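To keep things clear, I will list the structure first and then write my remarks on it.
Numbering (the working numbering), first residue to last: 27 to 971.
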């Protein structure tokens, strides 16, 4: 019987079964077809059974043993009808069909089996096949299959759930849609979705097709990101603008969620969207937020914490101020026990808010102690609340407030203690008040207390005496200041003005003068303060006044003395300056007069070959004198500048050798020239003089040697940087000279630009150098600043406005003999009150071929100009006698000669006359003294235009 070998548990059971007592007989008598089928059955891993014989006796393998359930193992060898009484009506026709020779296969067959004593709905996939013997006669049935009940029920549940969800989706108050695929095709929308966004025939269309107006509003991108990443997207208060008939017009606000939908493999196949139109809530949110903020401020200001009890969950919702009162970190919703544990053990029985069945009077007023966990301090808390019916009809809500009453409790305790020693304390307080009153009454300060109606609440004797001395009337408590001063309206207005400020809540101190000049007007320092009640309301204002008349007079006397001292110092410096100037001019005049005398002597001797040497000496002395007068004019800030487009780098390079010789070998000179330096419009000789002056100052600050640095740079000053330098915002060229010398203290820096101020010993400096540099910089539209620290050195920077473009290289002035000649008939009017100047100018004009007309003052010059005489150019001094200066004469002449060309020659340019350097077109200035070649070139240039 090898066909029964193996087969696990069921193989063993079949081998030991008493088959001889059944119609099948002993196994050794079984037909070959049964033996073969049973061998296959026992060794199959798939659930397999055999029904054999007329009664369809049952044989099965281990895999099939779970199918009969509690019938196993008793089902072995039993007729099919007995084993499957509960489903025989279903399988009997199928078995009959198989016994007739036709196999049967069924899927998800419903078989209502009895399991656990109850009929259960089960589903099966199985096949029943005829087992044929010799001659093709069917002797039994070969059965294989498995249960599908779990899958069928799951599918049914899913379908039911899907249908239920769709019903829920339709009934949901919010809008819902289901999108499929990467293009977000609408598969489902509920009625709320259509009501909000309009009927757009959604199903089958993509989001981009249905909502073209959403382009640029972010929704496409959010959907794409959710589909690509599989991550949920939650949005709150998102604005959206809809443009579709039936949809709300204008901007709406939405709360919504994009939830990725994945298949069994975890791949995203679509997106579920649910949301709400929260426009009304959003519009009310700001008002609510403002209201809540006002409430929060009120709670914080009043020290009130709010809470809501949730008895059904045993939790409490608290405010920020509530947490601060209890000394705990900010929380929102926590178990009630969290706070109950902080209540003093002796007071916990009085608090019943920890119960889930709150009695009606649970939130009535109660006082208890808490122990703050942050400071371990015991505080008294008062709680008050009440139940409020829920407007939604969901029961009762419990709201309340708590506030700290520790101060009140302490006050009550203090009052109790005070009552015990009341008499002694009253006497003590009265003594203290009498002492304080005596102090206030006896002080030299004038003390007044006034209520909001301008009535005196208190006034000390000193204040009353002073008031009476000044205004002639004595004040009294209870009287009105305004009524008392009604007969002095001008004083009434002044007094009312200052008290009005104090009674409006302002606290201030000021000095003012009061009193009738005929009754010794005095100056007073008045300090005004206010007194408020516990709620912050103004009770009164009080005043402390001191007579500071003598102090102010002493300050004025000191100021006048300092001014006199400063004037004396200036006069001393002027004396030093004039002495030095007289010495320098005597030397220069000696050189000029001596050279002229020797020239005259040599000419009488016929020794003309030596004249050039004396002429050169005289001209050199004259040029040095001119330079000296220019420096004096710069100091006076009234020199007429001749601004020209200037390359500061080129100017510095031209002076570098002179500076090195001037400062000496002990000082290292470094020049840092900025690349691409902008041009600036300045008077080059004045800039050279300023630079040399700064270098000399730097040299004097380094007696033991050091480093001198000259640096140029382009500077763009914004509004802040420009305001710090007292300049207009814009582009500037900076020229800075720095040294490693002794430096200056802040008070020295503050006075450095003052005329005649110097830190050098007497005789070594006039205090004019930096003042002249300051005047030149300001006249040029720029500024000069000093940066210095004692012991660290000093840096002085000139800031000059940028000039657009680059300066042209100046062409040398031609010699007088080479100057261009006048055209026929060209006439020049020369007006100057100095005959020598007129002679020199007319000689130069004659040399150039011009006809020259002379006038000695403004009126005579104007008479020529108002005649019919041809005048091609007017050459005039600015300062002229006769009541009319050169500028006035030129302006008057231009009334009848609009295009008249004017050349002002001046040794003292009065800014009012030349418009502070702003000349009209066709007007130019030439500063005396000047080279004749320069005069000739300028005349030729102007007449040639």
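Idealized CB from N, CA, C, for every residue including glycine.
Remember, predicted model here, so these are calculated numbers, not experimental data.
1) Might you give, ordered along the chain, the residues of its own chain that have their beta carbon closer than 7 Å to the beta carbon of residue 648, omitting 5 neighbours on each side?
2) Should residue 171 be labelled buried (16 or more other beta-carbon atoms within 10 Å of its own) or exposed?
3) Would you call residue 416 buried or exposed, if buried means 16 or more other Cβ atoms sit within 10 Å of its Cβ?
4) Out of curiosity, what's the CA-to-CA distance linking residue 2 and residue 304?
5) Using a Cβ distance threshold of 8 Å, determine whether the stretch 896 to 909 contacts the stretch 845 to 864, with at least three qualifying pairs required.
6) Indicate the three-state DSSP secondary structure (helix, strand or coil) for residue 577 in the structure shown.
7) Just to confirm my understanding: we take residue 533, look at its own chain, exclude 5 residues before and 5 after, and list those with CB closer than 8 Å. What are they?
8) Residues in the same chain with beta-carbon distance under 6 Å from residue 60, minus the five sequence neighbours each way, listed in chain order, please.
9) Please report the distance separating the alpha-carbon of residue 44 from that of residue 191.
10) Within this structure, are the beta carbons of residue 85 and residue 64 separated by less than 8 Å?
11) For chain D, find out if any of its Cβ atoms is closer than 8 Å to the Cβ of residue 564; answer yes or no.
12) Considering only residues of the same chain and omitting the five flanking positions on each side of residue 121, which have a CB-CB separation below 8 Å?
13) Tell me the start and end of each unbroken alpha helix (DSSP H) in the stretch 202 to 276 that is at least 4 residues and wholly inside, in chain order.
14) Quick one: using the 10 Å Cβ neighbour count with 16 as the cut-off for buried, is residue 345 buried or exposed?
15) Could you give the residue range of the alpha helix (DSSP H) that holds residue 2?
16) May I have a chain-ordered list of the alpha helix (DSSP H) segments no shorter than 4 residues that lie completely inside the stretch 792 to 816?
17) In the DSSP assignment, what are the bridge partners of residue 737?
18) Would you decide whether residue 38 is buried or exposed? Buried here means 16 or more other CB atoms lie within 10 Å of its CB.
19) How many Å lie between residue 407 and residue 357 at the Cα?
20) When the distance is taken between beta carbons, is residue 539 closer than 8 Å to residue 574?
21) Quick check: the stretch 132 to 149 against the stretch 93 to 108, are at least 3 beta-carbon pairs closer than 8 Å?
22) Taking all protein chains shown into account, decide if residue 698 is buried (16 or more other Cβ within 10 angstroms of its Cβ) or exposed.
23) With distances taken from CA atoms, which of 626, 576, 472 and 631 is nearest residue 568?
24) List the residues that DSSP assigns as beta-bridge partners of residue 779.
25) Looking at the strands, I want to know which residues DSSP matches up with residue 560.
26) I'd like the list of long-range same chain contacts for residue 824, defined as Cβ closer than 6 Å, with 5 residues on each side in sequence excluded.
27) Buried or exposed: residue 528, going by 16 or more other Cβ atoms within 10 Å of its Cβ?
28) Once DSSP output is grouped into helix, strand and coil, what is the label at residue 499?
29) Can you give me the Cβ contacts of residue 51 inside the same chain, cut-off strictly under 8 Å, excluding the 5 residues immediately before and after it?
30) Out of 197, 625 and 630, which has the shortest C-alpha to C-alpha gap to residue 638?
31) Please identify the residue among 818, 906 and 470 whose C-alpha is closest to the C-alpha of residue 486.
32) Closer than 6 Å by C-beta to residue 680: which residues in its own chain qualify, once you throw out the five before and the five after it? Chain order, please.
33) Near residue 566, what residues of its chain come up, given a Cβ to Cβ distance below 7 Å and the 5 sequence neighbours on each side ignored?
34) Classify residue 906 as helix, strand or coil using the three-state DSSP reduction.
35) Which value, in whole angstroms, describes the spacing of the CA atoms of residue 229 and residue 246?
36) At a cut of 8 Å, does the stretch 252 to 266 reach the stretch 283 to 300 through at least three beta carbon pairs?
According to the structure shown:
1) Within the chain shown, the letter at position 622 stands for residue 648. If we look at residue 648 and ignore the five residues flanking it on each side, its Cβ neighbours are 618 and 955.
2) For the purposes of this step, residue 171 is taken as residue 145 along the chain shown, with counting starting at 1. By the neighbour-count rule (16 or more Cβ atoms within 10 Å), residue 171 is buried.
3) Against the chain shown, residue 416 aligns to sequence position 390. Answer is exposed; the Cβ neighbour count stays below 16.
4) Because the chain is modelled from 27 through 971, residue 2 falls outside the range shown and cannot be assessed.
5) yes
6) If you number the chain shown from 1, residue 577 lands on position 551. Three-state result, residue 577: helix.
7) Within the chain shown, numbered from 1, the residue matching residue 533 stands at position 507. So the list reads 554, 555 and 556, once near-sequence residues are dropped.
8) Position 34 of the chain shown holds residue 60. So the list reads 78, once near-sequence residues are dropped.
9) Position 18 of the chain shown, counting from 1, holds the residue named residue 44. Position 165 of the chain shown, counting from 1, holds the residue named residue 191. Answer to the nearest angstrom: the Cα atoms are 58 Å apart.
10) On the chain shown, position 59 is the one that residue 85 refers to. On the chain shown, position 38 is the one that residue 64 refers to. Taking 8 Å as the Cβ cut-off, residue 85 and residue 64 qualify as a contacting pair.
11) In summary, chain D is missing from the structure at hand, where a single protein chain is found.
12) In the chain shown, residue 121 corresponds to position 95, counting from 1. Excluding residues within five positions, the ones whose Cβ falls inside 8 Å are 77, 82, 106, 154 and 167.
13) 217 to 223, 233 to 236 and 245 to 255
14) Sequence index remark: in the chain shown, residue 345 carries index 319 (1-based). The residue in question, residue 345, is buried, as its Cβ has 16 or more Cβ neighbours within 10 Å.
15) This structure does not reach residue 2, given that the chain is present from 27 up to 971, and the question cannot be answered.
16) 795 to 805
17) Against the chain shown, residue 737 aligns to sequence position 711. In the DSSP output, where bridge partners are listed per residue, residue 737 has 698 and 762.
18) Along the chain shown, read from residue 1 onward, the residue named residue 38 stands at position 12. So residue 38 counts as exposed.
19) Position 381 of the chain shown, counting from 1, holds the residue named residue 407. Position 331 of the chain shown, counting from 1, holds the residue named residue 357. Cα to Cα, residue 407 sits roughly 19 Å from residue 357.
20) Locating residue 574 in the chain shown gives position 548, where the first residue counts as 1. Locating residue 539 in the chain shown gives position 513, where the first residue counts as 1. Not in contact: residue 574 and residue 539 (Cβ atoms no closer than 8 Å).
21) yes
22) As a working mapping, residue 698 is identified with position 672 in the chain shown. Result: exposed.
23) One-based indexing of the chain shown puts residue 568 at position 542. Measuring from the Cα of residue 568, the nearest candidate turns out to be 472.
24) Within the chain shown, the letter at position 753 stands for residue 779. Its beta-bridge partners do not exist; DSSP assigns none.
25) Taking the chain shown and counting its residues from 1, the one referred to as residue 560 is at position 534. Residue 560 is not bridged to any residue.
26) By 1-based counting over the chain shown, the position of residue 824 is 798. Taken in chain order, the residues that qualify are 761, 803 and 810.
27) Walking along the chain shown from the start, residue 528 turns up at place 502. Residue 528 should be labelled buried.
28) Residue 499 sits at position 473 when you count from the first residue of the chain shown. Looking at residue 499 - three-state DSSP - the assignment turns out to be coil, as it is neither helix nor strand.
29) Counting from one through the chain shown, the residue named residue 51 turns up at place 25. Excluding positions up to five away in sequence, the list reads 45.
30) In the chain shown, counting from the first residue as 1, residue 638 sits at position 612. The option with the nearest alpha carbon to residue 638 is 625.
31) For the purposes of this step, residue 486 is taken as the residue at position 460 of the chain shown. Per the Cα distances, 470.
32) As a first step, residue 680 must be located in the chain shown, where it is residue number 654. Here the set comprises nothing.
33) Counted from its first residue, the chain shown places residue 566 at position 540. For residue 566, where only same-chain residues beyond five positions count, the Cβ hits under 7 Å are 475, 476, 477, 483 and 557.
34) Position 880 of the chain shown, counted from the first residue, corresponds to residue 906. Reduced to three states, the DSSP call for residue 906 is coil.
35) Indexing the chain shown from 1 puts residue 229 at position 203. Indexing the chain shown from 1 puts residue 246 at position 220. One C-alpha to the other measures close to 17 Å.
36) yes
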